[in-house]
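Structure first, commentary second.
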Amino acid sequence: MTEHATGFVDVVFSVPVEGPFTYAVPAGMTCPVGVRVIAPFGRRTLTGFVVAVCDTPSRSDIRDIQRVIDALPLFADEQIDLAAWISRLYLCSTGEALSAMLPGGRREKEPVLAGLGDDPGSDVTIDLSDEQSHAISQICSDRDGRFYVDGVTGSGKTEVFLRAAEHTLAEGRSVVYLVPEIALTHQLEALVRRRFENQVAILHSRLTPSERLSQWQRLRSGEARFALGARSAVFAPVRDPGLFIVDEEHEGSYKSGSTPRYHARQVAMYRARRHGARLVLGSATPSVEAMQLMTQGTPPHFHRLRLTRRLAGGAPPAISIIDLKDSKAILSPQLRTAIRETHSAGRQTILFLNRRGFSHFFHCRSCGYQMTCRRCSVGMTYHKSRNRMICHYCGYNTQPMHVCPECGSLDVGYGGFGTEQVEDDVRSHFPDLRVARLDTDVVAKKHVLKEVLDSFHAGDYDLLLGTQMVAKGLNFPKVGLVGIVLADVGLSMPDFRAAERTFSLITQVAGRAGRYLPDGVVLVQTYHPQHSAVKAAVQGDSEGWYRAELVERKLLGFPPFSRLIRIVFRGKKADKVRQDAEAFAREAERTVGSGAEMLGPSECPLSIINGSYRRHILFRTRTFDETHHRVGVLLSRVPASPTVYREVDVDPVALL
Numbered sequence: 000m001t002e003h004a005t006g007f008v009d010v011v012f013s014v015p016v017e018g019p020f021t022y023a024v025p026a027g028m029t030c031p032v033g034v035r036v037i038a039p040f041g042r043r044t045l046t047g048f049v050v051a052v053c054d055t056p057s058r059s060d061i062r063d064i065q066r067v068i069d070a071l072p073l074f075a076d077e078q079i080d081l082a083a084w085i086s087r088l089y090l091c092s093t094g095e096a097l098s099a100m101l102p103g104g105r106r107e108k109e110p111v112l113a114g115l116g117d118d119p120g121s122d123v124t125i126d127l128s129d130e131q132s133h134a135i136s137q138i139c140s141d142r143d144g145r146f147y148v149d150g151v152t153g154s155g156k157t158e159v160f161l162r163a164a165e166h167t168l169a170e171g172r173s174v175v176y177l178v179p180e181i182a183l184t185h186q187l188e189a190l191v192r193r194r195f196e197n198q199v200a201i202l203h204s205r206l207t208p209s210e211r212l213s214q215w216q217r218l219r220s221g222e223a224r225f226a227l228g229a230r231s232a233v234f235a236p237v238r239d240p241g242l243f244i245v246d247e248e249h250e251g252s253y254k255s256g257s258t259p260r261y262h263a264r265q266v267a268m269y270r271a272r273r274h275g276a277r278l279v280l281g282s283a284t285p286s287v288e289a290m291q292l293m294t295q296g297t298p299p300h301f302h303r304l305r306l307t308r309r310l311a312g313g314a315p316p317a318i319s320i321i322d323l324k325d326s327k328a329i330l331s332p333q334l335r336t337a338i339r340e341t342h343s344a345g346r347q348t349i350l351f352l353n354r355r356g357f358s359h360f361f362h363c364r365s366c367g368y369q370m371t372c373r374r375c376s377v378g379m380t381y382h383k384s385r386n387r388m389i390c391h392y393c394g395y396n397t398q399p400m401h402v403c404p405e406c407g408s409l410d411v412g413y414g415g416f417g418t419e420q421v422e423d424d425v426r427s428h429f430p431d432l433r434v435a436r437l438d439t440d441v442v443a444k445k446h447v448l449k450e451v452l453d454s455f456h457a458g459d460y461d462l463l464l465g466t467q468m469v470a471k472g473l474n475f476p477k478v479g480l481v482g483i484v485l486a487d488v489g490l491s492m493p494d495f496r497a498a499e500r501t502f503s504l505i506t507q508v509a510g511r512a513g514r515y516l517p518d519g520v521v522l523v524q525t526y527h528p529q530h531s532a533v534k535a536a537v538q539g540d541s542e543g544w545y546r547a548e549l550v551e552r553k554l555l556g557f558p559p560f561s562r563l564i565r566i567v568f569r570g571k572k573a574d575k576v577r578q579d580a581e582a583f584a585r586e587a588e589r590t591v592g593s594g595a596e597m598l599g600p601s602e603c604p605l606s607i608i609n610g611s612y613r614r615h616i617l618f619r620t621r622t623f624d625e626t627h628h629r630v631g632v633l634l635s636r637v638p639a640s641p642t643v644y645r646e647v648d649v650d651p652v653a654l655l
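Just so it is clear: in the sequence shown, position 397 is 396 by numbering that gives the first Met the number 0, and no numbers are missing.
What follows is the structure, encoded as structure tokens:
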């Protein structure tokens with residue numbers, strides 16, 4: 000510590016160690032609460048966050064702040080208090096929570112490209128329907144109400160959100176508007192800027208660091224009062240927030256995949272409650288948890304606002320199932336006929352398959368060998384355009400094989416199919432059609448996504464083929480046919496939410512057809528036509544499906560009738576990972592108590608990713624507060640091995 004320190008501050012760091020840590024502020028340095036600083040931490044030098052000014056410590060070995068990064072504070076007391084709440088709920092350090100709030104934060108590991116349920120750029124909702132008017136009136140009449148806009152695709156949810164935002168801004172309060180992923184929201188961004196002009200600040204990872212910082216400070220200063228962005232925008236430092244909007248609430252991308260593993264819906268609920276603000280969620284396919292919040296009579300109850308009719312003259316499409324047991328082709332005869340008839344009528348087609356690549360796996364027909372990634376416990380996918388076998392989890396790639404490495408047989412081949420192979424099949428059957436493919440392999444280059452979507456909207460393509468980025472948020476007036484090439488992808492995943500995701504995806508994809516036409520058609524190819532999720536989505540029986548799913552969840556004790564805490568142990572040495580998981584489980588059996596059921600430790604369904612072995616423990620409880628507290632105590636009391644990392648996931652949305 001320098002002899003002429005002008006004060007002392009408490010600093011936290013983005014490391015899995017709870018602070019704060021006290022540092023001296025050298026003479027001539029200004030170090031207010033809320034700025035980032037460079038400071039020594041052990042043998043390293045790290046970026047930290049000043050969370051408090053403190054009294055002179057009794058110790059004499061206090062180290063100095065080396066440098067202050069920010070000219071103005073990034074965080075106010077509200078963000079620091081919010082970080083402390085995140086730390087408590089999601090069992091991470093306060094520094095890790097503050098790091099996640101940073102403008103731009105951490106980039107999404109693999110962002111789910113999703114957009115908005117309605118066409119934000121159209122003018123069809125200027126003349127409000129009776130249902131829209133009722134929804135807007137209900138929201139605006141309650142300054143701190145909880146609402147869910149449950150509207151079919153094309154029913155005008157976006158206009159309801161924006162009218163509520165107008166009302167809130169007129170009250171002198173601020174708005175936070177969340178979308179699942181900013182990549183497909185250029186139409187919304189243009190509309191919001193046109194409507195609210197310089198009051199808008201955009202927060203997402205596509206901005207440069209200086210742009211993100213500028214937008215953050217505009218919100219913090221009160222210059223901007225409308226924050227629009229993806230998941231991390233839930234932390235936007237708006238002044239006097241009066242409305243939080245979570246559009247497409249069901250989307251899994253609202254859950255963070257890295258520490259802290261927060262859910263934006265939960266954070267929005269907390270902030271709305273703290274500030275006495277309105278909270279509005281919306282989707283055509285609410286999550287099962289949200290449906291329970293709408294139908295239960297106990298707090299936190301959400302008022303359900305129904306939008307049941309499509310606008311702009313559209314009608315619900317006619318949906319039919321095609322049983323693939325009767326067809327060996329990728330595109331069944333019925334789907335091929337429908338594509339030809341749609342093209343002849345001057346309309347466009349969307350084909351959906353939630354699996355990229357050419358073939359899904361390589362196998363030997365003689366001995367059964369299947370090629371898996373050498374760093375992960377998953378099969379490799381063949382990409383014809385690159386002539387490579389690629390792992391979709393770690394990115395490892397290698398040349399395709401022509402001889403079985405196990406038995407030397409030449410009787411080898413590829414099974415399954417992805418978007419590349421479907422594209423080949425489409426071009427083979429329909430050489431006269433103008434075809435575009437849209438998946439993460441194609442849109443890796445900047446601007447490709449927008450160019451393809453704009454071209455399809457303008458009619459420059461006859462058929463658009465893609466993965467989940469074409470499933471929702473897109474509104475094309477000339478689309479008359481939507482074909483779901485394989486509805487079963489994901490149904491067999493070892494996850495209790497697999498059926499929910501399938502139901503949601505089919506419903507959302509079907510919503511792309513006939514939005515401006517009275518005779519839209521949706522064809523669903525499946526090997527499981529009798530599966531409850533497939534049947535309910537095809538029949539449009541959402542109420543029946545939710546009722547049945549809630550009954551099953553209650554019977555099995557899964558959320559929303561319990562809560563889960565998952566701990567993943569990962570490391571490069573399998574025996575160390577196993578020993579750590581077992582040691583933790585032994586202590587948990589003595590500590591956690593009878594209020595929770597402990598499942599595991601066991602191998603994760605994806606037992607190896609990028610060379611790290613993975614095991615997990617799952618706590619299932621109906622007495623969450625008690626179990627959560629005891630697990631937190633256990634995490635601090637039972638140290639992990641230096642070579643084993645523990646991932647803590649409270650309320651996980653995936654168990655892979």
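Built from N, CA and C at the ideal position, the CB exists for glycine as well.
Since we're looking at a predicted model, the values are computed, not measured.
Spanning the alpha carbons of LEU227 and LEU409 requires a straight line of approximately 55 Å.
Listed in chain order, the non-local C-beta contacts of PRO559 below 6 Å within the same chain comprise GLU288 and GLN291, local neighbours out to five positions each way being set aside. As for any alpha helix (DSSP H) of minimum length 4 sitting wholly inside the segment 433-503, the runs are 447-456, ordered along the chain. Here GLY543 carries a helix assignment [DSSP, helix/strand/coil]. Between ALA267 and VAL233, the CB-CB gap stays under 8 Å. If you keep only unbroken alpha helix (DSSP H) runs of at least 4 residues inside the segment 204-273, you get 208-220.
The criterion of a C-beta distance shorter than 8 Å is not satisfied by GLU247 and ARG264. By the neighbour-count definition (other C-beta atoms within 10 Å, threshold 16), LEU71 is an exposed residue.
The straight-line gap separating the alpha-carbon atoms of ARG308 and VAL8 is approximately 57 Å. Taken in chain order, the complete alpha helix (DSSP H) segments of 4 or more residues contained in the segment 522-568 are 531-538 and 541-555.
In this structure, VAL36 and ARG66 form a Cβ contact; the two beta carbons are roughly 7 Å apart against a cut-off of 8 Å. Under the three-state reduction of DSSP, VAL576 is assigned to helix. Rounded to whole angstroms, VAL52 and GLY18 show a C-alpha spacing of 14 Å.
For GLY27, there are no CB contacts under 6 Å within the same chain when 5 residues up- and downstream are skipped. Distance from THR626 to ILE566 at the Cβ level is roughly 12 Å; contact not present, criterion being Cβ atoms closer than 8 Å. Straight through space, the alpha carbons of PRO476 and ALA535 are spaced by roughly 26 Å.
Annotated as proximal: LYS254 and VAL652, with beta-carbon spacing under 8 Å. Contact between GLY241 and ARG194 does not hold, since the beta-carbon distance rounds to 17 Å and is not under 8 Å. Counting of Cβ neighbours within 10 angstroms places ILE329 among the buried residues, the total reaching 16 or more.
For SER601, there is no enclosing alpha helix (DSSP H); the residue is found in the beta strand (DSSP E) stretching over 595-608.
When rounded, the separation of the alpha-carbon atoms in TYR176 and ALA337 is 39 Å.
DSSP, read as helix, strand or coil, puts PHE618 in strand.
Assignment of alpha helix (DSSP H) within the segment 142-207, counting only whole runs of 4 or more residues, yields 156-169 and 185-195 in chain order. Boundaries for GLU17: no beta strand (DSSP E) harbours it, and the DSSP string shows neither H nor E there.
Remark: C-beta atoms of LEU463 and THR418 do not approach each other more closely than 8 Å. When the alpha-carbon of ASP438 is set against those of VAL421, ASP431 and LEU432, the nearest one is in VAL421. Between VAL148 and ALA134, the beta carbon gap of about 6 Å places them in contact (Cβ cut-off 8 Å).
With a minimum length of 3 residues, the unbroken runs of beta strand (DSSP E) contained wholly in the segment 302-356 fall at 302-306, 317-322 and 347-351.
Closest by C-alpha distance to VAL24, out of PHE12, VAL14, ALA38 and GLY6, is GLY6. The Cβ atoms of VAL632 and PHE618 lie no closer than 8 Å to each other. Contact annotation: TYR413 and PHE361 have beta-carbon atoms nearer than 8 Å.
In this chain, the alpha helix (DSSP H) harbouring TYR89 covers 76-89. Around the C-beta of THR620, 16 or more other C-beta atoms lie within 10 Å, and the residue is accordingly described as buried. In this structure ALA229 touches PRO179 by the C-beta definition: roughly 7 Å separates them, less than 8 Å. Rounded to the nearest whole angstrom, the C-alpha separation of LEU218 and VAL237 is 5 Å. Comparing C-alpha distances from ALA283 to each of LEU504, GLN529 and GLN467 shows the shortest one belongs to LEU504.
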